[in-house]
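Residue numbers (my numbering): 762 to 1185.
Virtual Cβ for every residue (Gly too), placed ideally from N, Cα, C.
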RNA sequence: GGAGAGGUGGCUGAGUGGCUGAAAGCGCUCGCCUGCUAAGCGAGUAGUCGGUUAAUACCCGGCUCGAGAGUUCGAAUCUCUCCCUCUCCGCCA
């Protein structure tokens, strides 16, 4: 959620940013509504003051044994009038909120402004494209031949675009998750969390999923709970409605959860198999920081995500996303894209973002500044480190051998009882 | 799911209609004192919105004691609904 005050102060600037985020908005309506809101507040507060003053007087007169009925008579209907104004105020505030809450975050100054995703800037390339001196296979063929992923069974159990890992496939999946958790929380500084995979409406709102992206979520109607699309949704809300101590910041968490996405209307022909499925596992890293440090922490986070990826020896690149490619919550995002031979392209395997105070404001997550003792919104950052289905695709495709087997990256072997290869 | 208890400031915890935005303690901050990383003394210490302002400094006012609705001139205190936590029982991985 954007800050209403900054909208009032510099609407042109924000409108301009929204334009580069593909959002056409005229903020003059919000400004009008806010003016109306202030007018109402002033009127209703004058009435409330009168009510309070007179009520106090009644108490005083009664205590002194007098007769307050004259004053009580003079207050006829004042509470009803207040009630009416209160309702109107709420209406105006709801109108403002309904406009502002669906606006995306502001842009950090370092974010390239473009409406064309092709302008994403590759800032780093690691490793090289593997070259095969045989006819290489895509992950679908490999998985079928090695019998490690069963889409048919997944479809039978749940539906289309649900995957089922099997045998060594399941073990590889589990090993990857263990490896990543280990990298983040044993070798890295993140505290390991296993949060609920279902969250309530408040949590879903705070993370930015509601109201705009309700149609992308699986909802349990009977309980008003939502299946998380990422553990970010859960981790953010660990501190919802709290005031943290500056001394405790930054707070660093890593979590491993299944992620659930309806992906309504997003499936393309090039995204069959494990590229885009309704349920997948992901290891997330998350930070609560002060505003002053959040961009340094973002850079650190990008390094941390690569610390997980690099030892796997995969070829990948890092991109700085342009304005129009950012998610709603993000003010700045780096994507890590791994090379997938079967796609003849790079696919996002991690996305590292600074959401600044966008989510903190929605979830009312604040901290007390040590010096000034003032209460301020924290900044929140999230990143994947990493998402497994695509990681598995990358390993299968990049590590495939001419005989159809797949070599397991060395870093993963300790998590697979030393197994070094998946064969038929 | 059933029975009972409870949800108050950073924390613990008083408070059953006006003198309570809230005792006391802890914690924290500042000052004083003390020949030493202790103790003592004093003061301060919720958030948010609006007005005012150069000011996110004062000052004035509104709101907030789990959430919402109600009774009343007036509600942390009374009534209703909902949510959550704890204890016991039941059920179940």
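Per DSSP, the unbroken alpha helix (DSSP H) holding residue 966 starts and ends at 962-967.
When C-alpha distances from residue 856 are compared across 788, 885, 869, 824, the shortest belongs to 788.
Closest by C-alpha distance to residue 1104, out of 936, 1132, 1031, 1081, is 1031. The Cβ-Cβ distance between residue 1039 and residue 922 falls below 8 Å.
Restricting attention to 949, 1109, 1121, the CA atom closest to the CA of residue 1043 is found in 1109.
Residue 1114 has 1094, 1143 as its beta-bridge partners, per DSSP. Closest in alpha carbon position to residue 842, among 1073, 832, 801, is 801.
An exposed status is given to residue 884, since fewer than 16 other beta-carbon atoms sit within 10 Å of its beta-carbon. The alpha carbon of residue 1116 has as its nearest neighbour, out of 1058, 1158, 1153, the alpha carbon of 1058. Secondary structure note for residue 1083: it is in no alpha helix (DSSP H), with a DSSP letter that is neither H nor E. Between residue 945 and residue 1015 a beta carbon distance of about 4 Å is seen, short of the 8 Å cut, so the two are scored as contacting. Residue 1015 is bridged by DSSP to 953, 1046. Looking at the DSSP output, residue 995 sits in no beta bridge, so it has no partner there.
Counting along the chain, no beta strand (DSSP E) covers residue 817; the unbroken alpha helix (DSSP H) around it starts and ends at 789-824.
A direct Cα-Cα distance of roughly 35 Å separates residue 858 from residue 952. Under DSSP, residue 1182 shares a beta bridge with 1168. The beta-carbon separation of residue 888 and residue 1075, rounded to 7 Å, stays under the 8 Å limit for a contact. Restricted to the region 839-899, the beta strand (DSSP E) segments that are unbroken, complete and at least 3 residues in length are 882-887, listed in chain order. About 7 Å separates the beta carbons of residue 784 and residue 864, which is inside the 8 Å limit, making them a contact pair.
Distance from the CA atom of residue 932 to the CA atom of residue 909, rounded to whole angstroms, is 9 Å. Residue state for residue 1103 is assigned as helix, using DSSP reduced to three classes.
With a threshold of 16 other beta carbon atoms within 10 Å, residue 790 falls short and is exposed.
With respect to the C-alpha of residue 882, the residue from 810, 1084, 1176 having the closest C-alpha is 1084. In the three-state reduction of the DSSP assignment, residue 1131 falls in the coil class, being assigned neither a helical nor a strand state. Distance from the Cα of residue 1163 is smallest, within the candidate group 1175, 1152, 1184, for 1184. Across the structure, residue 824 and residue 836 are spaced so that their CA atoms are roughly 19 Å apart.
By alpha-carbon distance to residue 1121, the top candidate from 1181, 1141, 1153, 936 is 1141. Here the alpha carbons of residue 1175 and residue 1150 stand approximately 20 Å from one another.
Straight through space, the alpha carbons of residue 988 and residue 1023 are spaced by roughly 10 Å.
Here residue 1109 is bridged, per DSSP, to 1098. In this structure the region 902-918 lies against the region 1153-1171, because at least three pairs of beta carbons, one per stretch, are closer than 8 Å. Burial check for residue 1027: the Cβ neighbour count within 10 Å stays below 16, so the residue is exposed.
With respect to residue 873, residue 1081 sits close: the two C-beta atoms are nearer than 8 Å.
By the neighbour-count criterion, in which 16 or more other beta carbons inside 10 Å mark a residue as buried, residue 1161 falls on the buried side. Here the C-alpha atom of residue 834 lies approximately 55 Å from the C-alpha atom of residue 1050. Within the same chain, Cβ atoms closer than 7 Å to the Cβ of residue 762 are found at 861, 862, 1119, 1122, 1123, the five residues on either side in sequence being excluded.
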